[in-house]
Amino acid sequence: GDSVTQMEGPVTLSEEAFLTINCTYTATGYPSLFWYVQYPGEGLQLLLKATKADDKGSNKGFEATYRKETTSFHLEKGSVQVSDSAVYFCALIRRDSGAGSYQLTFGKGTKLSVIP
Amino acid sequence: EAGVAQSPRYKIIEKRQSVAFWCNPISGHATLYWYQQILGQGPKLLIQFQNNGVVDDSQLPKDRFSAERLKGVDSTLKIQPAKLEDSAVYLCASSTVLSELFFGEGSRLTVL
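As given, the protein sequences belong to chains B and E, one line each in that order.
Throughout the first sequence, residue numbering follows the working numbering, covering 78 to 193 in sequence.
Throughout the second sequence, residue numbering follows the working numbering, covering 3 to 114 in sequence.
What follows is the structure, given as C-alpha cells:
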C-alpha cells in the first residue's frame, strides 16, 4: 500500500536558520503531494501542495518540489521564525480507481521548535 | 467561509463508556473523512463518506466504532464501548473531489 516516510523529530533550530524536513513516499500511479501544518491546539492546515512531477509548491516562505525520480517532497524554508514552531505532516493523495475513492496517507509528523 | 465544525472539543470518559462526536463539513463538500490521531503519530483514516455513502471504512474497528452521515451533510462518529487505546484526537475533514482536505480542530478523547 501507499506510505509516507518523514524524518523523525523533534527538530530544534535557532531563529533565521535554514530548515529541511525530508519526506519520501511510496505509491502506485501519480499521487498529489501535500505538506500540512498543525500548530499547538489546532487542526491541520494545508501548507502547500504539488500535483505533478517537478511542480513546486510554496507558501509563507516554505517550498517543496515534487521529485518523481527520487519519490521525494522535501520541505524547505530559508529562514525560520519562532511562529513556525509546529508539527509538519507530509501526505499524499491518490485516486483508487478500483474503489472509486481517494486515498490520503499521512507521514508520522515532524515536530519543529524554533528558539529565539 | 465557515470551516469544518466539530464538537465536543474535549471529552473524558471511563473505559467501557460510550462517546459520540459530531462534525459539520464545509458547505458543498461532498466528501467527509474521520481520522484518528494518536499522540505522536500521523492521522489514520477511519472512514470516508462520499455524500451519504461509505467509500472506505477498511480501518474502522467495526466492533466498537460506528459512523453515519445522514442526508449527506453532517456526520457523527460513535465509540461504544471505549477502550484505553481509543484515547486520541478525532479529526473530521471535508473536501471536494481531489481537492485539499480542510480539517476541523478535532475532538480530544481521553479514556481513563
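Every residue gets a Cβ at the ideal spot worked out from N, C-alpha and C, and that includes glycine.
Item to complete: Have a look at the DSSP bridge pairing and note the partners of B:TYR116.
Response: As a position in the first sequence, residue 116 of chain B is number 39, starting the count at 1. Beta-bridge pairing links B:TYR116 to no other residue.
Item to complete: Would you tell me roughly how many angstroms separate the C-alpha atoms of B:VAL191 and E:SER68, rounded to the nearest one?
Response: Working through the first sequence from its first residue, we reach residue 191 of chain B at position 114. Working through the second sequence from its first residue, we reach residue 68 of chain E at position 66. Using only the alpha carbons, I get a separation of about 40 Å.
Worksheet entry | Contact set for B:SER91: own chain, Cβ-Cβ below 7 Å, skip 5 residues either direction | Here the question's residue 91 of chain B lines up with position 14 in the first sequence. ILE192.
Practice prompt. Answer with yes or no whether the minimum CB distance from B:LYS133 to chain E is below 9 Å.
Written response: Here the question's residue 133 of chain B lines up with position 56 in the first sequence. Taking Cβ atoms only, chain E never reaches closer than 9 Å to B:LYS133, which makes this a no.
Worksheet item: Would E:ILE14 be called buried (16 or more neighbouring beta carbons within 10 Å of its own) or exposed?
Response: The sequence position of residue 14 of chain E within the second sequence is 12, counting from 1. E:ILE14 should be labelled exposed.
Discussion item. For B:PHE111, which residues in the same chain have their Cβ closer than 6 Å to its Cβ, ignoring the five residues on either side in sequence?
Written reply: Here residue 111 of chain B is taken as the residue at index 34 of the first sequence, counted from 1. Around B:PHE111: LYS126 and ALA168.
Worksheet item: Tell me the DSSP bridge mates of B:ILE98?
Response: Translated into the one-based positions of the first sequence, residue 98 of chain B becomes position 21. Beta-bridge pairing links B:ILE98 to B:LEU152.
Worksheet entry | Exposure of B:ARG171, with buried meaning 16 or more beta-carbon neighbours within 10 Å | Here the question's residue 171 of chain B lines up with position 94 in the first sequence. Result: buried.
Fill in: For B:THR148, the nearest candidate out of B:GLU140, B:TYR165 and B:ASN99 (CA to CA)
Counted from its first residue, the first sequence places residue 148 of chain B at position 71. For the residues B:GLU140, B:TYR165 and B:ASN99, the minimum Cα distance to B:THR148 belongs to B:ASN99.
Practice prompt. Count the CB pairs spanning the segment 18-32 of chain E and the segment 71-82 of chain E that are closer than 8 Å, and state whether there are at least three.
Written response: yes
Discussion item. Runs of 3 residues minimum, wholly inside the segment 34-108 of chain E: which ones carry the beta strand (DSSP E) assignment?
Written reply: 46-52, 55-58, 67-70, 77-81 and 90-97
Item to complete: Name, in chain order, the residues that DSSP records as bridge partners for E:ALA22.
Response: For the purposes of this step, residue 22 of chain E is taken as the residue at position 20 of the second sequence. The partner list for E:ALA22 (beta bridge, DSSP) reads E:LYS80.
Fill in: Burial state of E:SER77 (16 or more Cβ within 10 Å)
Numbered from its first residue, the second sequence carries residue 77 of chain E at position 75. E:SER77 comes out buried.
Worksheet item: Taking just the CA atoms, how far does B:GLN180 sit from B:THR103?
Response: If you number the first sequence from 1, residue 103 of chain B lands on position 26. If you number the first sequence from 1, residue 180 of chain B lands on position 103. Distance between the alpha carbons of B:THR103 and B:GLN180 is about 13 Å.
Worksheet entry | Short Cβ contact (9 Å threshold) for E:PHE104 with E:HIS31 | Looking up residue 104 of chain E in the second sequence gives position 102. Looking up residue 31 of chain E in the second sequence gives position 29. Going by C-beta atoms, E:PHE104 is nearer than 9 Å to E:HIS31.
Fill in: Sub-9 Å separation of B:LEU121 and B:GLU140 beta-carbons
By one-based count along the first sequence, residue 121 of chain B stands at place 44. By one-based count along the first sequence, residue 140 of chain B stands at place 63. Contact: no.
Worksheet item: Which word fits E:ILE49, buried or exposed, when buried means at least 16 other C-beta atoms lie within 10 angstroms of its C-beta?
Response: In the second sequence, residue 49 of chain E corresponds to position 47, counting from 1. Buried is the call here.
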